[in-house]
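Quick notes on the structure that follows.
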Amino acid sequence: MSERSAISVSVLGAGATYSLRIAPELVASVREAAGFDLTGSINTAISTGAKIAARLGPDEWLLIGPDGQSNALSDEIGAALAGHFHSLVDVSHRNVGISVAGREASMVLNAGVPIDLGDAAFPAGSATRTVLGKAEIVLMRPDADRVYRVECWRSFAPYVRAFLEETAREFNSQ
Amino acid sequence: MLLITCPYCGARPEIEFRGGGEAHIARPSDPAAVDDQSWAEYLYYRSNPKGVHAERWLHVHGCGRWFNAVRNTVSDSFEQTYRMGEPRPDATKERR
Ligand SMILES: [Zn+2]
Chain D
469 MSERSAISVS VLGAGATYSL RIAPELVASV REAAGFDLTG SINTAISTGA
519 KIAARLGPDE WLLIGPDGQS NALSDEIGAA LAGHFHSLVD VSHRNVGISV
569 AGREASMVLN AGVPIDLGDA AFPAGSATRT VLGKAEIVLM RPDADRVYRV
619 ECWRSFAPYV RAFLEETARE FNSQ
Chain S
7 MLLITCPYCG ARPEIEFRGG GEAHIARPSD PAAVDDQSWA EYLYYRSNPK
57 GVHAERWLHV HGCGRWFNAV RNTVSDSFEQ TYRMGEPRPD ATKERR
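Residue numbers (my numbering), protein chains in the order written: chain D, 469 to 642; chain S, 7 to 102.
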């Protein structure tokens with residue numbers, strides 16, 4: 469049995485999180501709002517400092533910023549998009565972030581995530597909505613490290629966390 | 007696992023999708039003007055072929071978009087997917 473490194477599953481702190489819907493042709497002229505880079509293609513995330521802009525669909529972004537800036541950020545984003553038809557919803561209290569880190573983190577995730585998480589199919593900068601077991605999640609891989617971020621709805625969080633911890637035990641017990 | 011090619015996301019596992027029934031059924035533009043029989047056919051009557059079938063699908067646990075797919079109802083093979091608003095590909099029309 470080869471030596472395995474530890475997998476850590478940890479609940480991330482609160483963030484200022486938004487769901488942004490806006491037509492792609494409008495975003496082309498805006499490009500950036502309150503430090504969130506909106507130029508990424510579908511199923512990618514762009515990190516700018518502590519801010520993440522994940523494009524989940526042709527006209528949908530999940531924006532995650534630092535906790536405590538919720539009102540200021542929504543004002544700023546709203547100002548940047550003023551005059552462009554859009555919807556911006558504060559979902560900070562809806563979402564929970566969980567970090568899965570370790571050399572075999574993708575294998576732990578793949579116990580419940582049906583998509584290919586190999587480096588070719590899910591490289592650094594990837595982000596997508598998918599499922600983990602019976603729960604819907606958003607999965608992000610900010611950089612080339614084996615650190616993944618799972619975002620799920622609050623009521624699913626105990627299930628998602630328990631699922632990941634249970635799976636990680638297999639990798640941590642050897 | 008069966009993979010379905012979302013026109014926006016590419017090949018993805020089937021459990022991220024939901025089926026939405028037959029595609030290319032246009033709602034009568036003036037519902038008050040159609041008779042009961044036409045309205046019932048619009049609401050309830052479907053072609054239900056054994057073979058190639060154009061269907062609506064939703065990538066619900068993905069990009070959240072509706073799209074159309076041509077699927078063979080015998081083999082469950084997805085022959086082609088295309089975006090909403092695009093016409094049904096000609097090559098897939100007549101075979102049953
Ligand atoms: Zn999709």
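Yeah, the Cβ is synthetic: ideal placement off N, Cα and C, and Gly gets one too.
The model shown is predicted, which means the values in this text are computed figures rather than measured ones.
Does chain S have any CB closer than 9 Å to the CB of residue i?
i: proline 526(D); result: yes
i: serine 470(D); result: With a pLDDT of 45 at serine 470(D), under the threshold of 50, the modelled position of that residue is not reliable, and no figure is offered here.
i: asparagine 511(D); result: yes
i: threonine 516(D); result: no
i: glutamate 633(D); result: no
i: valine 599(D); result: yes
i: threonine 596(D); result: yes
i: proline 591(D); result: no
i: isoleucine 520(D); result: no
i: proline 626(D); result: no
i: glutamate 604(D); result: yes
i: isoleucine 656(D); result: Here chain D has residues from 469 to 642 only, and residue 656(D) is not among them.
Which residue wins for smallest C-alpha separation from residue i, given the options the options?
i: glycine 525(D); options: Gly517(D), Gly533(D), Asp535(D), Ala513(D); result: Ala513(D)
i: isoleucine 588(D); options: Lys602(D), Ala612(D), Glu572(D), Arg622(D); result: The identity of residue 588(D) in the sequence shown is alanine, whereas the question assumes isoleucine. Out of Lys602(D), Ala612(D), Glu572(D), Arg622(D), Ala612(D) has the C-alpha closest to the C-alpha of alanine 588(D).
i: leucine 549(D); options: Gly483(D), Leu632(D), Ala496(D), Arg614(D); result: Ala496(D)
i: glycine 503(D); options: Ser478(D), Ile545(D), Arg571(D); result: Ile545(D)
i: aspartate 535(D); options: Ala518(D), Asp527(D), Glu604(D), Trp529(D); result: Ala518(D)
i: tryptophan 72(S); options: Asp527(D), Gly533(D), Asn539(D), Gln537(D); result: Asp527(D)
i: leucine 577(D); options: Arg637(D), Gly508(D), Ala491(D), Val498(D); result: Arg637(D)
i: alanine 60(S); options: Thr79(S), Asp42(S), Val40(S), Cys69(S); result: Thr79(S)
i: tyrosine 14(S); options: Gly565(D), Ala592(D), Arg523(D); result: Arg523(D)
i: leucine 541(D); options: Pro591(D), Glu500(D), Glu634(D), Arg614(D); result: Glu500(D)
i: glycine 533(D); options: Ser487(D), Ser509(D), Ile475(D); result: Ser487(D)
i: glycine 57(S); options: Phe84(S), Ile31(S), Tyr50(S); result: Phe84(S)
i: arginine 24(S); options: Arg89(S), Pro93(S), Gly68(S); result: Gly68(S)
i: proline 492(D); options: Gly481(D), Leu480(D), Leu506(D); result: Leu506(D)
For the beta strand (DSSP E) that contains residue i, what are its first and last residues?
i: methionine 7(S); result: Note, methionine 7(S): premise wrong, no beta strand (DSSP E); not H, not E.
i: tyrosine 486(D); result: 483-490
i: alanine 513(D); result: 512-516
i: asparagine 78(S); result: 72-78
i: lysine 519(D); result: 519-525
i: proline 609(D); result: Strictly speaking, residue 609(D) in this sequence is arginine, with proline absent from that position. Where arginine 609(D) is concerned, the enclosing beta strand (DSSP E) stretches over 603-609.
i: glycine 533(D); result: 528-534
On the premise that residue j lies in contact with residue i, defined as a C-beta separation below 8 Å, what is that separation, rounded to the nearest angstrom?
i: alanine 521(D); j: leucine 531(D); result: 5 Å
i: tyrosine 616(D); j: alanine 573(D); result: 6 Å
i: serine 567(D); j: serine 478(D); result: 5 Å
i: isoleucine 21(S); j: valine 599(D); result: 6 Å
i: valine 76(S); j: proline 95(S); result: 7 Å
i: valine 606(D); j: alanine 595(D); result: 7 Å
i: arginine 62(S); j: glycine 27(S); result: 6 Å
Alpha carbon to alpha carbon, how far is residue j from residue i? Give it in angstroms, no decimals.
i: lysine 602(D); j: histidine 65(S); result: 16 Å
i: cysteine 620(D); j: arginine 562(D); result: 8 Å
i: glycine 483(D); j: serine 555(D); result: 19 Å
i: aspartate 543(D); j: alanine 625(D); result: 29 Å
i: phenylalanine 553(D); j: tryptophan 529(D); result: 15 Å
i: asparagine 640(D); j: glutamate 634(D); result: 10 Å
i: methionine 469(D); j: arginine 571(D); result: Residue placement at methionine 469(D) cannot be trusted, given a pLDDT of 41 that sits under 50; what the coordinates show is reported in the next sentence. Those two C-alpha atoms are separated by around 16 Å.
i: alanine 569(D); j: proline 19(S); result: 24 Å
i: arginine 614(D); j: valine 564(D); result: 20 Å
i: isoleucine 583(D); j: alanine 17(S); result: 9 Å
i: leucine 494(D); j: methionine 575(D); result: 38 Å
i: tryptophan 45(S); j: proline 37(S); result: 7 Å
Is there a C-beta anywhere in chain D that falls below 9 Å from the one on residue i?
i: glycine 27(S); result: no
i: methionine 7(S); result: yes
i: glutamate 22(S); result: yes
i: arginine 71(S); result: yes
i: glycine 68(S); result: yes
i: tyrosine 88(S); result: no
i: glutamate 92(S); result: no
i: arginine 102(S); result: The predicted model places arginine 102(S) with a pLDDT of 46, which falls under 50 and marks its position as unreliable; any figure quoted below should be read in that light. No, arginine 102(S) does not count as interfacial toward chain D.
i: arginine 62(S); result: no
With respect to the alpha helix (DSSP H) encompassing residue i, which residues constitute its N-terminal and C-terminal limits?
i: proline 626(D); result: 625-640
i: valine 576(D); result: 573-577
i: aspartate 42(S); result: 42-50
i: glycine 546(D); result: 538-548
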